[in-house]
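> Provided herewith is a single structure, encoded as structure tokens, for subsequent inquiry.
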Amino acid sequence: MDKLNKKIQAASHSGAKLNLNRRDGRFVVTKVIYDSIARANNSLTKQAQFNEMRTGAYNICSVPVSDISRQPDCLEFTMPFIDGIGGDVITYKGNKSVADSLRVTLNAYLLNVLSMGKEEVVLGDKFSEKLQEIKAKYTGSSLVVPLAIDKAYELAQHNFIFPMGDCHGDLTLSNIKVTQDNKLFLFDFLEGFIETPLQDVVKLKQDFDYGWSFRHEKKNLALKGKMFCESAYPDMISTISRLYKSEVELLELINLLRIAPYIKSTDEITQNWLDNALSKNIHSN
Ligand SMILES: Nc1ncnc2c1ncn2[C@@H]1O[C@H](COP(=O)(O)OP(=O)(O)OP(=O)(O)O)[C@@H](O)[C@H]1O
Ligand SMILES: [Mg+2]
């Protein structure tokens with residue numbers, strides 16, 4: 001259990017504390033969050049209120065939460081331990097049938113959240129403000145990041161029509177688990193600066209187009225990851241990106257840029273990964 005505990009803790013990049021315990025004969029994970037408590041509370045509410053979705057492949061559920069303790073300086077809660085595959089592991093351990101099922105499931109998920117969204121005008125200023133925040137926080141030396149910020153400012157000169165509504169908020173492969181009984185569990189929901197299903201589209205692109213979850217893997221595993229993502233690619237990503245072209249373009253750029261201030265100066269892999277993703281993004285439009 002110690003080994004598994006270390007693995008779970010090591011998988012966290014947000015500074016949260018995760019602990020695997022045994023309670024009443026069952027394994028549970030306790031998570032304690034110390035940063036941005038108000039936002040973490042709203043994110044947890046999203047996880048708790050998520051309605052199960054049935055799809056032609058996996059049933060999508062959120063990991064149930066219990067024993068929520070709200071303190072002024074931290075938020076603590078407990079979840080059952082979900083024994084499944086997710087994160088980078090799914091890209092090299094998941095076979096063709098997992099890839100196919102994941103594609104069907106994510107397509108159904110995206111269609112579902114999109115159909116529940118309500119279109120609203122969103123002012124370009126909302127994005128300029130976010131960009132200003134990112135610019136102020138960024139102290140790195142990448143040459144691509146400032147170019148991408150300029151490009152995003154340029155795109156934010158317009159107003160947009162977004163489908164607004166429910167979304168996971170941080171839908172990368174690291175925040176899902178697929179279990180043997182054909183369930184896809186969502187966890188680590190995130191309240192974004194804009195609540196739109198397009199947030200989930202750009203997060204999935206972060207993995208499926210740019211390989212975020214396996215960026216640290218060796219070449220052969222990264223290649224396996226790419227192959228898995230090709231088989232599992234939900235075509236709803238492309239369809240929605242065509243339907244909301246300028247919205248996805250800007251949100252995608254901002255989503256990538258938001259990573260920039262948090263990259264440690266020693267983490268060359270992530271900086272190169274980001275520069276590459278941003279370059280492709282700037283030049284693809
Ligand atoms: N209930 C659970 N059952 C099984 N594994 C879990 C559970 N909760 C978290 N994990 C594992 O721990 C990892 C980190 O958890 P989580 O995503 O909630 O934390 P985080 O600190 O927000 O991480 P990050 O910032 O990297 O997304 C997950 O990717 C998953 O592998
Ligand atoms: Mg996570």
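Numbered according to full-length UniProt numbering, the sequence shown spans residues 1 to 285.
No residue lacks a Cβ here, since even glycine has one placed at the ideal position from N, Cα and C.
Is any heavy atom in ligand 2 found nearer than 7 Å to the beta carbon of Ser174?
Start at 1 with the first residue of the sequence shown, and residue 174 comes out as number 174. The answer is yes for Ser174.
> Helix, strand or coil for Thr78? Go by DSSP, reduced to three states.
Here residue 78 refers to the residue found at position 78 when the sequence shown is read from its first residue. In the structure shown, Thr78 adopts extended strand secondary structure according to DSSP, grouped into three states.
> Does the Cβ of Ile134 have 16 or more other Cβ atoms within 10 Å, making it buried, or fewer, making it exposed?
On the sequence shown, residue 134 is found 134 positions in, with the first residue counted as 1. Here Ile134 is buried: its Cβ has 16 or more other Cβ atoms, across all protein chains shown, within 10 Å.
> For a test of your reading of the model: does the CB of Asp188 fall under 7 Å from any non-hydrogen atom of ligand 2? Yes or no.
Your numbering for residue 188 matches position 188 in the sequence shown. For ligand 2, at least one heavy atom lies less than 7 Å from the Cβ of Asp188.
> Report yes if the C-beta of Ile82 is less than 7 Å from at least one heavy atom of ligand 1; otherwise report no.
Reading the sequence shown from its first residue, position 82 is the one you call residue 82. Flag set: Cβ of Ile82 near ligand 1.
> Excluding five sequence neighbours on each side, which residues of the same chain lie with their C-beta closer than 7 Å to the C-beta of Ile282?
For this step, residue 282 is matched to residue 282 along the sequence shown. The answer, listed in chain order, is Leu147, Ala148 and Lys151.
> Excluding five sequence neighbours on each side, which residues of the same chain lie with their C-beta closer than 8 Å to the C-beta of Gly94?
Counted from its first residue, the sequence shown places residue 94 at position 94. Ile85, Leu102, Val178, Phe228 and Ala232, listed in sequence order.
> Can you have a look at Asn255 and say buried or exposed, based on whether 16 or more other CB atoms are within 10 angstroms of its CB?
On the sequence shown, position 255 is the one that residue 255 refers to. The residue in question, Asn255, is buried, as its Cβ has 16 or more Cβ neighbours within 10 Å.
> For Phe208, which of Ala99, Thr55 and Ile33 has the nearest alpha-carbon?
For the purposes of this step, residue 208 is identified with residue 208 of the sequence shown, where counting begins at 1. Minimum Cα distance to Phe208 is reached at Ala99.
> With a CB to CB cut of under 7 Å and the five nearest residues on each side skipped, what residues in its chain are close to Val104?
Mapped onto the sequence shown, residue 104 falls at position 104. These residues qualify, in order along the chain: Thr55, Gly56 and Ala57.
> Check each candidate in Asn220, Arg22, Leu171 and Met116 and name the one with the smallest Cα separation from Phe81.
If you number the sequence shown from 1, residue 81 lands on position 81. The shortest Cα separation from Phe81 among Asn220, Arg22, Leu171 and Met116 belongs to Arg22.
> So, using beta-carbon positions, are Ile33 and Ala10 closer together than 8 Å?
Position 33 of the sequence shown, counted from the start, is the residue given in the question as residue 33. Position 10 of the sequence shown, counted from the start, is the residue given in the question as residue 10. No.
> How would you call Tyr262, buried or exposed, if buried means at least 16 neighbouring beta carbons within 10 angstroms?
Translated into positions along the sequence shown, residue 262 becomes position 262. It is exposed - the Cβ of Tyr262 has fewer than 16 other Cβ atoms within 10 Å.
> Using only the alpha-carbon positions, how far apart do Lys96 and Glu252 sit?
Numbered from 1 along the sequence shown, position 96 holds the residue referred to as residue 96. Numbered from 1 along the sequence shown, position 252 holds the residue referred to as residue 252. Rounded to whole angstroms, Lys96 to Glu252 spans 28 Å at the Cα level.
> For Ala40, which residues of its own chain have a beta-carbon under 7 Å away from its beta-carbon, when the five flanking residues on both sides are left out?
Within the sequence shown, numbered from 1, the residue matching residue 40 stands at position 40. Counting only Cβ-Cβ distances below 7 Å, and skipping sequence neighbours, we find Ile33 and Leu75.
> In the DSSP assignment, find the beta strand (DSSP E) that holds Glu191 and state where it starts and stops.
Translated into the one-based positions of the sequence shown, residue 191 becomes position 191. It is not in any beta strand (DSSP E) - Glu191 carries neither H nor E in the DSSP assignment.
> Could you please give me the residues that DSSP links to Asn19 through a beta bridge?
Position 19 of the sequence shown, counted from the first residue, corresponds to residue 19. In DSSP, Asn19 forms a bridge with Thr30.
> Where in the stretch 91 to 169 do unbroken runs of the beta strand (DSSP E), each at least 3 residues long, occur, reported from the N-terminal end onward?
Complete beta strand (DSSP E) runs here, min 3: 118 to 122 and 160 to 164.
> Look at Ile237 and Val201 and say whether their C-beta atoms are less than 8 Å apart.
Reading the sequence shown from its first residue, position 237 is the one you call residue 237. Reading the sequence shown from its first residue, position 201 is the one you call residue 201. A contact, by the Cβ cut-off of 8 Å.
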